[in-house]
Every structure is written in C-alpha cells, then in structure tokens.
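Numbering (the numbering used here), first residue to last: 39 to 141.
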C-alpha cells in the first residue's frame with residue numbers, strides 16, 4: 039500500500055461475522071460489502087481475510103478517500119447507510135475501526 043498522501047483519509051476496519059466461515063451467508067455479506075466500492079469517492083478498496091493468529095478478527099477492509107468531504111459523503115450515502123442498517127448491524131459480531139490521515 040502506498041504512503042497516505044496529505045489530505046487523504048484511510049478508513050480501515052477489522053471485523054468478524056456471526057456467520058460460519060465459508061457459509062453462503064458469509065459470502066452474501068462479503069458480496070454486499072464489496073458493492074460499496076462503487077460509492078462515489080471510494081478509492082483503493084481492499085477486502086481481505088485475516089491470516090494472523092494474533093487477533094480474533096476474521097476480515098480486514100481498507101479504503102481511501104481523497105479528503106474529508108468525500109469521506110463525509112460516503113458516510114451519508116444511501117447505499118452505505120442502508121448497508122450499515124440492513125447488514126452490518128445485524129451480521130457483524132465485533133469490529134474495530136480506525137480512520138487516519140498522514141502525519
């Protein structure tokens with residue numbers, strides 16, 4: 039991953055689902071999550087499965103935004119709001135989110 043340029047925001051989330059690994063429900067959630075890449079302003083979208091035994095999370099998601107306005111627009115975008123209400127809140131067992139800018 040390239041260094042974070044001034045003004046850009048990197049949004050990162052690690053999370054685990056209530057679904058069994060490899061299940062159709064897990065796959066459906068991940069497919070819905072991946073569709074958020076199409077929301078305007080989302081850049082450098084990466085979704086991956088955790089491989090380290092150092093934490094209990096199952097997945098990691100990273101995306102970047104060109105600036106605070108794009109990040110705010112994403113948070114309020116109907117597709118994101120709907121995903122959080124319909125899928126994230128019901129299917130995520132635990133998560134940790136961090137949003138960073140360059141120092």
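Note that beta-carbon positions come from the ideal geometry of N, C-alpha and C, so glycine has one too. Values in this document were obtained by computation on a predicted structure and should not be read as measured data.
For residue i, name the three-state secondary structure that DSSP assigns.
i           : result
residue 48  : strand
residue 67  : helix
residue 100 : strand
On the DSSP letters alone, give me the boundaries of the beta strand (DSSP E) that residue i sits inside.
i           : result
residue 75  : Residue 75 -> no beta strand (DSSP E), and no H or E assigned at all.
residue 87  : 81 to 87
residue 124 : From DSSP, residue 124 is part of no beta strand (DSSP E); its letter is neither H nor E.
residue 134 : 130 to 138
Given a cut-off of 8 Å, decide if residue j and residue i are closer than it, judged by their beta-carbon atoms.
i           : j           : result
residue 43  : residue 108 : no
residue 110 : residue 56  : no
residue 121 : residue 74  : yes
Leaving out the 5 sequence neighbours to the left and right, which residues in its chain are closer than 8 Å to residue i when beta-carbon positions are compared?
i          : result
residue 88 : 52, 95, 96, 97 and 98
Go through its chain and collect everything with a Cβ distance to residue i's Cβ below 6 Å, but skip five positions before and after it.
i           : result
residue 102 : 46, 48, 81 and 82
Could you pull out every residue in the same chain whose Cβ sits closer than 7 Å to the Cβ of residue i, ignoring the five residues on either side in sequence?
i           : result
residue 112 : 77, 79, 80, 103 and 118
residue 115 : 77
Could you spell out the range, first to last residue, of the alpha helix (DSSP H) harbouring residue i?
i           : result
residue 110 : 106 to 114
Return the CA-CA distance between residue i and residue j, expressed in angstroms with no decimal places.
i           : j           : result
residue 136 : residue 100 : 10 Å
residue 105 : residue 138 : 11 Å
residue 128 : residue 66  : 13 Å
residue 134 : residue 68  : 17 Å
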